[in-house]
Amino acid sequence: MRKIHGFHGGIHPPENKHQSVRTPIADAGIPPELVIPLLQHIGTPAGVVVTIGQHVLKGQVIAEAQGFVSVPKHAPTSGTIHAIEDRLIAHPSGHFAPCIVIIPDGKDEWIECRGTPDYQALDKLQLIDLIRNAGIAGMGGAGFPSSVKLSVKAGTHIETLIINGTECEPYITADDVLMRERADQIIEGAKILRHIISPRETLIGVEDNKPEGIAALRVAAEGSGIEIVEFPTKYPSGGEKQLIEILTGKQVPSGGLPSQVGVVCQNIGSTVAIYEAVVHGKPLISRVTTVTGNAVREPQNFQVLIGTPMRYLLQKAGYQAENNNRLIMGGPMMGFTVPSIDVPIVKTTNCVLAPTEAELPTPPPAQACIRCGMCAQACPVSLLPQQLFWFAQGKEFDKLEHHNLFDCIECGACSYVCPSTIPLVQYYRASKAEILQLRRDHEKAEASRIRFEARQQRLEQAEAEKEAKRAARKKAAEQRAQAMAGDSGEDPIQAAIERARAKRPPRRARGAARANSINWRKPWSRRRNAWTPPMPNLRRQKPRVAISWRPCKPAWTKPATSWRRRNRLWRSINRRTMTRRRSTPPRRQSREPWPSARRKPR
Amino acid sequence: MIDFLTQYPLFAALLALVGLAAVFGALLGYAAVRFKTEGNPIADEINNILPQTQCGQCGYPGCRPYAEAIANGEAINKCPPGGEAGIQALADLLDLEVIPLDSEHGEAKPVKAVAFIREAECIGCTKCIQACPVDAILGAAKQMHTVIASECTGCDLCVEPCPVDCIDMIPQQETLATWHWNLPNPVSRQVNIIATDAPQDDVTRDRAA
């Protein structure tokens, strides 16, 4: 018997799981329209590889993975691509996101799938690639691509592989029914994972509120060396780090990954998807989703295609919209209210919860924190929620980080026990986001600082080069003068002046010479009795100044508008410039290297 | 010598003190040369807080010169892009009073903007390229220019020099990637749970009803 460790805190909310396990998994069928968001998990969105109007087969790739933390998307059924557009998705923001819309043709025609039942022959990387190409992302809720989790860094030895069948959140039974009905597939999937990771031991952790699931798993795991570990029910034992602590007694370091303590965790749903992908070659195009809550007549689990609108699924379960106060994706603890009933089911949708007002009442207004400390007792990560709340209100971000805000798993245990009904988790989520935003801003500021400094340096360098060239020219001229003077030992310029002076007519003759020139005296001179030369013909001189500030016509590489329009534009620019310059005398350029703070009136 | 010192202990003490002063003085002098800090560390820290938009709205040619000016006693409320948060951070660092933003230097914009060149109208004059403090505009003479949006700090400096007015400052929309949870609305916490705490007119209205 394995020793079961505990973790700090935790709560025991009413489970409400029995409602949805009375019937076996039902097939939800093909809805009239499927909406597949390009981003359904943590990471970068996939890139579309289909065109509107194209016919696709079931399981065909419709969007390719982009980057390491990304997985492809597949067509959940055969049909036509109706649109590639922004649709409302299941996200607390209520934002639109790019989606592929498929109108099914009803034939449900599979693309050719090639499974590899003898996966033992494949090596680790090939299998991870297979899992990635099947589009498998963590189906427990957070949605981290499974292939990323499985590609552990070379050199790290994985001691334990844990299959997470805890499902600690109230209402959700998707993993429970999988354990009851597809225990064989779970064990096969676990064997594939074991082959990839080659850990010392493989465990499946299940809470003791699922006796049927545990019994089924025990039968299926007979002789496989996979241990089924049963432990007392407590929320949130399904959290990855909490489960690792329960089963192994090891604590994942703050900000670290489970692989640092030699553990890899996978969800039950992902394990079944991995089995399907490897043995049957089927990509992840459907999942088991619990539809429950008192506002549906027949709460049950559905095998539902990814992209099915929630409205279709809820109608299958007998949805009573008038009794429902809000529609929640996920469980009552960690789920969020969806912006509309028409959002699609995605890979992370383990539960659609439609409660009545009596069942999950609207939270009463928050009151002041009375520092009772119940949240600190409930916190599974041993944080100080009341202290974090205090700092979050005051936006003291460095103190929040000091109090390990980023270790918070947002399980909601603190808000659940709070007698003042303070929405604590929302404070933590907001603060986390704000801190991340500040970090991003700071990074950007740092990048602009570097660019600014690089530019300043470049300008200075250019200036210095110019200066150096000028100095070099000056020096060369001096040297040349020196060289010329070197022969006779006197300055050649001085010598030239002397020569000119020697050629000059004697003083008396100079007056006549001056009289012949027209420029010896300005005509506006006040000197009286002087001979005034005729005015030079100024009109013939070219208006040089008038032309110099006229901007030249640019050589257009590609005409964007007609020549007529362009000429008109240029005429208007010239007119504007001319009038501006004429009205005010040319201003001396400011010596400041920086433009003034004055703004153009807008 | 020894005799002299033993005879006049005052001189001995004086000699010892002078000797110590000389030794420590030499040590300090050496340390000052050996461990000399490059630049002004306070200005560096101030520069770290400034938003690095390099917009020049403070009247200095960039964030670094303004940081140096603050280190030399300039007011801390001349940076509109930094906003209230920036002033708060500067006040915390320098242990100064928090003062409101100097409206003479502009107002803080709630939404960040990014410059956008209407490319069909650009005549390729390179004036905006020369004005951009972070080299975020790409182009060459008589060729179309464009703004590298990820590098643009939204400083507005390129708008004024453009002879054909083809640069717009486009406020950045919130997207799915930039969305985040907001702090809960504090108004919801100002509800009076205890009936007797409610404002008087509410109570009288209830009685009348």
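Chains A and B supply the protein sequences, listed in that same order.
Letter by letter, the first sequence follows residues 8 to 609 of the numbering used here.
Letter by letter, the second sequence follows residues 1047 to 1255 of the numbering used here.
Positions of the beta carbon are idealized from the N, C-alpha and C atoms, including for glycine.
If you're wondering where the values come from, they're calculated on a predicted model, not measured in any experiment.
* Asked: So, using beta-carbon positions, are ALA53/A and LYS65/A closer together than 8 Å?
  -> Position 46 of the first sequence holds residue 53/A. Position 58 of the first sequence holds residue 65/A. No, the Cβ-Cβ distance between ALA53/A and LYS65/A is not below 8 Å.
* Proximity below 8 Å, CB of LYS1173/B to CB of CYS1201/B -> Residue 1173/B sits at position 127 when you count from the first residue of the second sequence. Residue 1201/B sits at position 155 when you count from the first residue of the second sequence. Contact: no.
* Got a sec: is the Cβ-Cβ distance from PRO430/A to anything in chain B below 8 Å? -> Here residue 430/A refers to the residue found at position 423 of the first sequence. Yes, PRO430/A counts as interfacial toward chain B.
* Buried or exposed: which applies to VAL388/A, given that a residue is buried once 16 or more other Cβ atoms fall within 10 Å of its Cβ? -> As a working note, residue 388/A is residue 381 in the first sequence. By the 10 Å Cβ count, VAL388/A comes out buried.
* With GLU1143/B as the anchor, note down where its alpha helix (DSSP H) starts and where it stops. => As a first step, residue 1143/B is located in the second sequence; it is residue number 97 there, counting from the start. It is not in any alpha helix (DSSP H) - GLU1143/B carries neither H nor E in the DSSP assignment.
* Asked: Name the DSSP beta bridge partners of ASP93/A, please?
  -> In the first sequence, residue 93/A corresponds to position 86, counting from 1. In the DSSP output, where bridge partners are listed per residue, ASP93/A has PRO105/A.
* Asked: Just how far apart, CA to CA, sit VAL1064/B and ALA1058/B?
  -> On the second sequence, residue 1064/B is found 18 positions in, with the first residue counted as 1. On the second sequence, residue 1058/B is found 12 positions in, with the first residue counted as 1. Computed Cα separation, rounded: 10 Å.
* Asked: Per the contact definition of three or more C-beta pairs closer than 8 Å, is the segment 288-308 of chain A in contact with the segment 12-29 of chain A?
  -> Counting C-beta pairs with one atom in each stretch, the segment 12-29 of chain A and the segment 288-308 of chain A have three or more that are closer than 8 Å, which means they touch.
* Exposure of CYS1198/B, with buried meaning 16 or more beta-carbon neighbours within 10 Å -> The residue you call residue 1198/B lines up with position 152 of the second sequence. Buried, since its Cβ has 16 or more Cβ neighbours within 10 Å.
* Short CB-CB distance (under 8 Å) between LEU1184/B and chain A -> To locate residue 1184/B, count along the second sequence from 1; it is residue 138. By this cut-off, LEU1184/B is not an interface position.
* Against chain B: residues of the segment 456-473 of chain A by CB proximity under 8 Å -> Within the segment 456-473 of chain A, the residues whose Cβ lies closer than 8 Å to some Cβ of chain B are ARG456, ARG458, PHE459, GLU460, ALA461, ARG462, GLN463, listed in chain order.
* Going by beta carbon distance, what residues of the same chain come within less than 7 Å of PHE75/A, once the five residues before and after it are set aside? -> The sequence position of residue 75/A within the first sequence is 68, counting from 1. The answer, listed in chain order, is VAL155.
* **Collapsed DSSP secondary structure at GLY276/A in the structure displayed** => For the purposes of this step, residue 276/A is taken as the residue at position 269 of the first sequence. Note: GLY276/A maps to helix in three-state DSSP.
* Asked: ASP182/A by DSSP, collapsed to three states: which one?
  -> In the first sequence, counting from the first residue as 1, residue 182/A sits at position 175. Three-state result, ASP182/A: helix.
* Asked: Who does LEU210/A pair with in a DSSP beta bridge?
  -> On the first sequence, position 203 is the one that residue 210/A refers to. Beta-bridge pairing links LEU210/A to ILE169/A, GLU234/A.
* **Under 7 Å from the C-beta of THR1199/B: neighbouring residues of chain A** => Walking along the second sequence from the start, residue 1199/B turns up at place 153. What THR1199/B touches in chain A: SER455.
* Asked: Can you list, in chain order, the residues of the segment 1165-1196 of chain B whose Cβ is nearer than 7 Å to any Cβ on chain A?
  -> ALA1166, ILE1169, GLY1170, ALA1177, PRO1179, VAL1180, ASP1181, LYS1188, GLN1189
* Within the same chain, show all residues whose beta-carbon is closer than 8 Å to that of GLU92/A, passing over the 5 residues directly before and after it, in chain order. => Residue mapping note: residue 92/A aligns to position 85 of the first sequence, counting from 1. Same-chain partners within the cutoff: PRO105, CYS106, VAL108.
* Which residues bound the alpha helix (DSSP H) around GLN400/A? -> The count along the first sequence starts at 1 and reaches residue 400/A at position 393. GLN400/A -> alpha helix (DSSP H) spans 392-401.
* Asked: Listing by chain order, which chain A residues have their CB less than 9 Å from the CB of LEU1229/B?
  -> Indexing the second sequence from 1 puts residue 1229/B at position 183. Correct list: ALA399, GLN400, LYS402, GLN433, TYR434, ALA437, SER438, GLU441.
* To do: Compute the distance between the beta-carbons of GLY172/A and GLY220/A, then report whether it is under 8 Å.
  => Along the first sequence, read from residue 1 onward, the residue named residue 172/A stands at position 165. Along the first sequence, read from residue 1 onward, the residue named residue 220/A stands at position 213. For GLY172/A and GLY220/A, yes; Cβs fall inside 8 Å.
* Which same chain residues, not among the five before or five after MET1190/B, have their C-beta less than 7 Å away from its C-beta? -> In the second sequence, counting from the first residue as 1, residue 1190/B sits at position 144. Result list for MET1190/B: GLU1165, CYS1168, GLY1170, in chain order.
* Asked: Within the 8 Å Cβ cut-off, does HIS410/A reach chain B?
  -> As a working mapping, residue 410/A is identified with position 403 in the first sequence. Taking Cβ atoms only, chain B never reaches closer than 8 Å to HIS410/A, which makes this a no.
* Can you name the start and end residues of the alpha helix (DSSP H) that ASP1049/B belongs to? -> Working through the second sequence from its first residue, we reach residue 1049/B at position 3. Segment 1048-1053, the alpha helix (DSSP H) holding ASP1049/B.
* When DSSP builds the beta bridges, which residues end up paired with ARG294/A? -> Position 287 of the first sequence, counted from the start, is the residue given in the question as residue 294/A. VAL311/A, per the DSSP bridge assignment.
* To do: Could you tell me whether the segment 187-201 of chain A touches the segment 271-282 of chain A, where touching means 3 or more Cβ pairs closer than 8 Å?
  => yes
* To do: On a CA-only basis, which of LEU1222/B, CYS1104/B, ILE1095/B is nearest ARG446/A? Give me that one, please.
  => Counted from its first residue, the first sequence places residue 446/A at position 439. If we check each option's Cα against that of ARG446/A, ILE1095/B comes out closest.
* Where does PHE309/A land, buried or exposed, given buried means 16+ other C-beta within 10 angstroms? -> Residue mapping note: residue 309/A aligns to position 302 of the first sequence, counting from 1. So PHE309/A counts as buried.
* Asked: By a C-beta neighbour count over all protein chains shown, 10 Å radius and 16 as the cutoff for buried, is LEU466/A buried or exposed?
  -> As a first step, residue 466/A must be located in the first sequence, where it is residue number 459. Exposed.
* To do: Check whether the Cβ atoms of GLY36/A and PRO152/A sit closer than 8 Å, and answer yes or no.
  => Position 29 of the first sequence, counted from the first residue, corresponds to residue 36/A. Position 145 of the first sequence, counted from the first residue, corresponds to residue 152/A. No, these two residues do not count as a Cβ contact at 8 Å.
* To do: Indicate the three-state DSSP secondary structure (helix, strand or coil) for ARG609/A in the structure shown.
  => Start at 1 with the first residue of the first sequence, and residue 609/A comes out as number 602. Since pLDDT at ARG609/A reaches only 49, below the 50 mark, its modelled position is unreliable, and the value read off the structure follows with that caveat. It is coil, neither helix nor strand.
* Using a cut-off of 7 Å between C-beta atoms, extract the partners of GLN1100/B located in chain A. => Locating residue 1100/B in the second sequence gives position 54, where the first residue counts as 1. Residues of chain A whose Cβ lies closer than 7 Å to the Cβ of GLN1100/B are, in chain order, SER455, PHE459.
* Contact with chain B by GLN127/A, beta-carbon distance below 8 Å -> Within the first sequence, the letter at position 120 stands for residue 127/A. Output row for GLN127/A: interface = no.
* To do: State yes or no: is the beta carbon of HIS98/A nearer than 8 Å to at least one beta carbon in chain B?
  => Working through the first sequence from its first residue, we reach residue 98/A at position 91. Cβ-Cβ to chain B under 8 Å: yes for HIS98/A.
* Asked: If you pair each beta-carbon of the segment 330-340 of chain A with each one of the segment 375-386 of chain A, do three or more pairs fall below 8 Å?
  -> no
* Euclidean distance between Cα positions of LEU321/A and ALA190/A -> In the first sequence, the residue the question calls residue 321/A occupies position 314. In the first sequence, the residue the question calls residue 190/A occupies position 183. In this structure, the CA atom of LEU321/A is about 27 Å from the CA atom of ALA190/A.
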